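Visitor: Each residue of the sequence shown is one higher than the last, beginning at -17 in the numbering used here. Glycine included, each C-beta is placed from N, C-alpha and C at the ideal position. Please read these numbers as outputs of a predicted model, since none were measured by experiment. Quick one: structure below, then a few questions.
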Amino acid sequence: MFEGQFGLWGLPILRSGKTRSICAENPTGEKGKGAMAEPDESSCASMLGMGWKVRPCIDLPVGERTVLADIEGPGTIKHIWITATSRCYRDCILRMYWDDEDKPSVEVPLGDFFCNGHATRVNVVSIPVAVNPSGGFNCYWPMPFRRRARIEVENQHKDVVQGFFYQITYELDDVSDSAAYFHAQWRRSVTRIEYPEHVIVDGIKGRGHYVGTYLAWTQLSNGWWGEGEVKFYMDGDKEYPTICGTGTEDYFCGAWGFENAEGKTETFCAPFAGYPLCVHKPNEVIKHGLYRWHIPDPIRFEQDLKVTVQALGWWPNGKFQPLQDDIASTAYWYQTEPHSAFPEMPPVHLRWPR
């Protein structure tokens, strides 16, 4: 089913699946049901009539959940494109439900899901997530479902979000018995001096594989911030993890503090890892955005999984300094259902970036 998803070799193979796409111009994705909105006198298409660009976007009412897609399976979501004002990057929550479950398998602030944390727009060039000028959010994670897929967005901003554009492309076809379900979860914490660790995800139960991490990291002190390790506790691990990295920039596939030959921090985007954001302005806290995709190297687990990252810098005496930093994370993984309930999403004022 996923052959050729991230490559070209599967493209010549003819398949029996049916391609459909949902957007404001065809909100059900039904065959032959696109571009049927009727323009009124205020419409830009009023002189052209039906079949032209009449309803390219929607508005998100305050405090309401808007269903973007409700699809009868079996099938696989192949591509999601969204663009909206950056005001809703942390104030709008993206949720996805598979096969009529009552708890979302995806629950992430809109911007963070697309590696745009801090409510800050930044371009991202990677394989499963791409953000193109200016704020074109693209997701290519394959998302199989057997009976039903529902995608919704909740506007928790104080105002109506106008001009919300979206397109969700999917394929209706049989789903392999071995295919797991896509999940993504957001967490935020300020690490403690006594135990400077941020939990990226915890409580995953079942069989699956972990496929990605995005961090929106805010420094609350000067100096180097990325000496801490990323750890994977799996299948009964307690005090000590099975997989342990050697430093934060190392986990995100960089080295030596992301510095170039001139000793300056250098951002980058690559297919499987990137550091697209480093904001260091006078009178502002320092902000970092980093992603790592475990596509060639998924972290497989049989029973359970917990992932953490330490917040460590340096004391002047050459010892590690515990840091109190503001870290928001998005974890991406596939697993069998049912999944454990996610922690309650913090209210809007606790999601606002510093």
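#1: Where do the N-terminal and C-terminal ends of the beta strand (DSSP E) with E153 fall, by residue?
#2: Assess contact between the segment 19 to 39 and the segment 99 to 107, defined as three or more Cβ pairs (one per stretch) separated by less than 8 angstroms. Is contact present?
#3: What do you get for Y257, buried or exposed, if any count of 16 or more other CB atoms within 10 angstroms of its CB means buried?
#4: Taking buried to mean at least 16 other C-beta atoms within 10 Å of its own C-beta, is Q167 buried or exposed?
#5: Any contact between the segment 222 to 240 and the segment 320 to 328? By contact I mean 3 or more CB pairs, one from each, below 8 angstroms.
#6: Pop quiz: T200 and V267 are said to be a contact at Cβ under 8 angstroms. What is the actual Cβ separation, rounded to whole angstroms?
#7: With respect to the beta strand (DSSP E) encompassing G256, which residues constitute its N-terminal and C-terminal limits?
#8: Take N8 as the anchor and find which of D94, D84, R37 has the nearest alpha-carbon.
#9: Could you pull out every residue in the same chain whose Cβ sits closer than 7 angstroms to the Cβ of P280, ignoring the five residues on either side in sequence?
#10: With DSSP run on the structure shown, which of helix, strand or coil describes T290?
#11: Should A131 and I40 be called a contact, given that it needs their Cβ atoms to be closer than 8 angstroms?
#12: Assuming F283 and L294 form a contact by the criterion Cβ under 8 angstroms, report the distance between their Cβ atoms to the nearest whole angstrom.
#13: Buried or exposed for K13, going by 16 or more other Cβ atoms inside 10 Å?
#14: By DSSP, does T312 sit in helix, in strand, or in coil?
#15: If I'm right that R128 touches D81 with Cβ under 8 angstroms, what's the distance once you round it to whole angstroms?
#16: Is the CB-CB distance between R72 and E89 below 8 angstroms?
#17: So is H180 buried or exposed if we call it buried at 16+ other beta carbons inside 10 Å?
#18: My assumption, with CB atoms under 8 angstroms, is that F250 sits in contact with P278. Please give the rounded CB distance.
#19: Which residue from T312, D94, P178, K140 puts its Cα closest to that of L42?
#20: Closer than 8 angstroms is the cut-off here; do at least three beta carbon pairs connect the segment 183 to 190 with the segment 284 to 292?
#21: DSSP three-state call for W296: helix, strand or coil?
Guide: Well, looking at it:
#1: Locating residue 153 in the sequence shown gives position 171, counting from the first residue. 143 to 154 is the span of the beta strand (DSSP E), which, as asked, contains E153.
#2: no
#3: As a first step, residue 257 must be located in the sequence shown, where it is residue number 275. Y257 is buried by the Cβ-count criterion.
#4: By 1-based counting over the sequence shown, the position of residue 167 is 185. Looking at its Cβ environment, which holds 16 or more other Cβ atoms inside 10 Å, Q167 is buried.
#5: no
#6: Sequence index remark: in the sequence shown, residue 200 carries index 218 (1-based). Sequence index remark: in the sequence shown, residue 267 carries index 285 (1-based). About 5 angstroms separates the two Cβ atoms, so the contact holds.
#7: Taking the sequence shown and counting its residues from 1, the one referred to as residue 256 is at position 274. Where G256 is concerned, the enclosing beta strand (DSSP E) stretches over 255 to 261.
#8: The count along the sequence shown starts at 1 and reaches residue 8 at position 26. The option with the nearest alpha carbon to N8 is R37.
#9: Position 298 of the sequence shown, counting from 1, holds the residue named residue 280. The residues are H191, Y192, V193.
#10: Counted from its first residue, the sequence shown places residue 290 at position 308. T290: strand per DSSP, three-state reduction.
#11: Here residue 131 refers to the residue found at position 149 when the sequence shown is read from its first residue. Here residue 40 refers to the residue found at position 58 when the sequence shown is read from its first residue. Not in contact: A131 and I40 (Cβ atoms no closer than 8 angstroms).
#12: On the sequence shown, position 301 is the one that residue 283 refers to. On the sequence shown, position 312 is the one that residue 294 refers to. F283 to L294, Cβ: 26 angstroms. No contact.
#13: Within the sequence shown, numbered from 1, the residue matching residue 13 stands at position 31. With fewer than 16 other Cβ atoms within 10 Å, it is exposed.
#14: Walking along the sequence shown from the start, residue 312 turns up at place 330. Reduced to three states, the DSSP call for T312 is strand.
#15: In the sequence shown, counting from the first residue as 1, residue 128 sits at position 146. In the sequence shown, counting from the first residue as 1, residue 81 sits at position 99. Yes, they are in contact, since the Cβ atoms of R128 and D81 sit about 6 angstroms apart, within 8 angstroms.
#16: Within the sequence shown, residue 72 is the residue found at index 90, counting from 1. Within the sequence shown, residue 89 is the residue found at index 107, counting from 1. Not in contact: R72 and E89 (Cβ atoms no closer than 8 angstroms).
#17: For the purposes of this step, residue 180 is taken as residue 198 along the sequence shown, with counting starting at 1. The residue is buried, with at least 16 neighbouring Cβ atoms inside 10 Å.
#18: Position 268 of the sequence shown holds residue 250. Position 296 of the sequence shown holds residue 278. Rounded, the Cβ-Cβ distance is 18 angstroms, inconsistent with contact.
#19: In the sequence shown, residue 42 corresponds to position 60, counting from 1. Here the closest residue by C-alpha is K140.
#20: yes
#21: Locating residue 296 in the sequence shown gives position 314, counting from the first residue. Of the three classes helix, strand and coil, the one that applies to W296 here is strand, per DSSP.
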